[in-house]
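Protein chains in written order, with the numbering used here: chain D, 16 to 320; chain P, 0 to 256.
Below, the structure written as structure tokens:
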């Protein structure tokens, strides 16, 4: 995923949005009288409301960037709080522009269309959208590689996060499907609330884990970004990523922490779905696979130009 | 009457793990897996093998990346500048000829220095075929497009390789498990002795781990490799000096029988 890009696609990808849509909610039930063919019926409606003092999307994003810029070395020419403001505002503006995603969140909270399983629909919406954007993320990283002097394996590690996030959405979908189905089969509203609460207990730690991974992912990309531009206006897309502009010890530390969190997250997902990450390299579909297979078996030291 | 499974274990080299990660159909490795599964023979890899496997995948990724960016794209741009053709114009047969000159130059230099030309030749075959196919189909493609498409293709592959690597090596979900060897002064001595026999790092570390496993666990250990040029060609001398069998995966099971 490209850092700070202005495409609406990035919003559907944000862990903050999922937290906002799935955890910051509580079920409510009310009765409504409707008239059909002159006869009055009472209909029970269940939907979700946000907590009385909800964490807004803006709160979550600002908190996220405070954590990012509070934990990395900032160049003299930038001010930490201004960076938080700059990055948060861009993210919030993207969210505000993303009508489709906002509508999906609202649908969970209002359920005006009386969708049978609003939470599952929300996760499926996030998943479908992420999958339709994954090729764009690949293209953005390929483009960024050509405008940098970082090794290609660095970009590979960034894209592994995308793959991990895709698995996360698949795991989330299964959990939400299971609990929401149980909730719908409940005899009464108390049981309904209990199942929704159990769902939140089940998905809470996974969302926390993925959020932590998100944080380290952004921390790494933001660190590289702020050291490769001197202008607030160019933070969204520096012309060139120069590895020589970074403090190598600091970069190694941030990269290692990202990689460790990524591996922890993948391990968590693998425990929840033992078939996760079974995506073998496709020799037929990907012609680069044949040359990779031959190159990797050549003696050490022969891979030089 | 059931046949008693032989006691012992296999220690695998990185050249056994890599084809597995890349899901290549290697008959020799397939037989090793079948033998190990049907006779419950544990298959292990050492820390040094894990490090080497990861390094080989990373180095290959970086080599392909730098060849695309620093050699192909730059050469095409230089050639265009010399011919005073806009960099944003679609690629033509003239650009393929410019790449031909580039690769001739590399092959000549490699022959003069007596170094391997294979790595670059492999990339040459892939890139020229890729570009020729686009031109044949009448697809308009510029230099940045070509660079981006090639990089995307590699990244798509390496992300899947990472999944496969993690399944097999990091999370040990396949037929192999990592086995750490506790710190022991005999390990250092074994590595030094292997070096004296002409087996150098990291191969000396891999073989020494298998030797130490055999000593510390008292179970017969067979070191399995496909490396004929540095390990299997010294199998007799390793057996005499360290009482360790080193063999091709095809024969590994029969050394435990």
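Heads up, the beta-carbon is just placed ideally off N, CA and C, and yes, glycines get one too.
CB contact below 8 angstroms: residue i versus chain D
{"i": "residue 141/P", "result": "no"}
{"i": "residue 154/P", "result": "yes"}
{"i": "residue 173/P", "result": "no"}
{"i": "residue 86/P", "result": "no"}
{"i": "residue 68/P", "result": "yes"}
{"i": "residue 25/P", "result": "no"}
{"i": "residue 184/P", "result": "no"}
{"i": "residue 125/P", "result": "yes"}
{"i": "residue 74/P", "result": "no"}
{"i": "residue 64/P", "result": "yes"}
{"i": "residue 257/P", "result": "No information on residue 257/P is available, as it lies outside the stretch 0 to 256 that chain P covers here."}
{"i": "residue 157/P", "result": "yes"}
{"i": "residue 56/P", "result": "yes"}
{"i": "residue 170/P", "result": "yes"}
Other residues of its chain near residue i: CB distance less than 7 angstroms, five sequence neighbours each side excluded
{"i": "residue 307/D", "result": "none"}
{"i": "residue 179/P", "result": "46"}
{"i": "residue 238/P", "result": "244"}
{"i": "residue 90/D", "result": "241 and 242"}
{"i": "residue 255/P", "result": "5, 7, 40, 219 and 221"}
{"i": "residue 232/P", "result": "none"}
{"i": "residue 246/D", "result": "none"}
Bounding residues of the beta strand (DSSP E) (the contiguous stretch that carries residue i)
{"i": "residue 11/P", "result": "8-11"}
{"i": "residue 43/P", "result": "42-44"}
{"i": "residue 222/P", "result": "220-223"}
{"i": "residue 168/P", "result": "Run containing residue 168/P: none; DSSP gives neither H nor E here."}
{"i": "residue 244/P", "result": "244-246"}
{"i": "residue 177/P", "result": "175-177"}
Chain B within 8 angstroms of residue i, Cβ atoms only
{"i": "residue 150/P", "result": "The structure shown contains no chain B; the protein chains it does contain are D and P."}
Nearest to residue i (by Cα), restricted to the options the options
{"i": "residue 275/D", "options": "262/D, 231/D and 165/D", "result": "231/D"}
{"i": "residue 206/P", "options": "189/P, 195/P, 159/P and 217/P", "result": "189/P"}
{"i": "residue 164/P", "options": "74/D, 145/D, 278/D and 53/D", "result": "278/D"}
{"i": "residue 189/D", "options": "214/D, 117/D and 123/D", "result": "214/D"}
{"i": "residue 313/D", "options": "226/P, 251/P and 236/P", "result": "226/P"}
{"i": "residue 227/D", "options": "79/D, 33/D, 54/D and 316/D", "result": "79/D"}
{"i": "residue 215/P", "options": "126/P, 195/P, 255/P and 184/P", "result": "184/P"}
{"i": "residue 191/P", "options": "173/P, 210/P and 96/P", "result": "210/P"}
{"i": "residue 106/D", "options": "74/D, 94/D and 163/D", "result": "74/D"}
{"i": "residue 33/P", "options": "208/P, 173/P, 242/P and 217/P", "result": "173/P"}
{"i": "residue 134/P", "options": "150/P, 92/P and 35/P", "result": "92/P"}
Straight-line gap, residue i to residue j (C-alpha atoms, nearest Å)
{"i": "residue 159/D", "j": "residue 173/D", "result": "12 angstroms"}
{"i": "residue 169/P", "j": "residue 175/D", "result": "14 angstroms"}
{"i": "residue 183/D", "j": "residue 53/P", "result": "24 angstroms"}
{"i": "residue 137/D", "j": "residue 281/D", "result": "23 angstroms"}
{"i": "residue 100/D", "j": "residue 202/P", "result": "53 angstroms"}
{"i": "residue 23/P", "j": "residue 15/P", "result": "11 angstroms"}
{"i": "residue 78/P", "j": "residue 68/P", "result": "15 angstroms"}
{"i": "residue 92/D", "j": "residue 260/D", "result": "14 angstroms"}
{"i": "residue 289/D", "j": "residue 235/P", "result": "42 angstroms"}
{"i": "residue 28/D", "j": "residue 249/P", "result": "With a pLDDT of 44 at residue 28/D, under the threshold of 50, the modelled position of this residue cannot be trusted, and the question is left open."}
{"i": "residue 268/D", "j": "residue 186/D", "result": "30 angstroms"}
{"i": "residue 141/P", "j": "residue 122/P", "result": "19 angstroms"}
{"i": "residue 37/D", "j": "residue 238/D", "result": "30 angstroms"}
{"i": "residue 88/P", "j": "residue 82/P", "result": "12 angstroms"}
{"i": "residue 379/D", "j": "residue 42/D", "result": "Any property of residue 379/D remains undetermined from this structure, which presents chain D solely from 16 to 320."}
{"i": "residue 212/D", "j": "residue 134/D", "result": "13 angstroms"}
Where the alpha helix (DSSP H) through residue i begins and ends
{"i": "residue 193/D", "result": "167-199"}
{"i": "residue 123/P", "result": "117-135"}
{"i": "residue 148/P", "result": "142-164"}
{"i": "residue 100/D", "result": "95-112"}
{"i": "residue 265/D", "result": "263-287"}
{"i": "residue 210/P", "result": "202-216"}
{"i": "residue 32/P", "result": "26-37"}
{"i": "residue 225/D", "result": "204-241"}
{"i": "residue 309/D", "result": "303-311"}
{"i": "residue 184/P", "result": "184-195"}
{"i": "residue 81/P", "result": "73-81"}
{"i": "residue 139/D", "result": "133-161"}
{"i": "residue 235/P", "result": "234-241"}
Within-8 angstroms CB hit, residue i to chain P
{"i": "residue 184/D", "result": "no"}
{"i": "residue 37/D", "result": "no"}
{"i": "residue 180/D", "result": "no"}
{"i": "residue 84/D", "result": "no"}
{"i": "residue 308/D", "result": "yes"}
Sequence-distant residues of its chain with Cβ nearer than 8 angstroms to residue i (five each side left out)
{"i": "residue 43/P", "result": "8, 9, 10, 11, 175, 176, 177, 178 and 212"}
{"i": "residue 253/P", "result": "none"}
{"i": "residue 224/D", "result": "279, 280 and 283"}
Sequence-distant residues of its chain with Cβ nearer than 6 angstroms to residue i (five each side left out)
{"i": "residue 119/P", "result": "105"}
{"i": "residue 251/P", "result": "9, 31, 221 and 223"}
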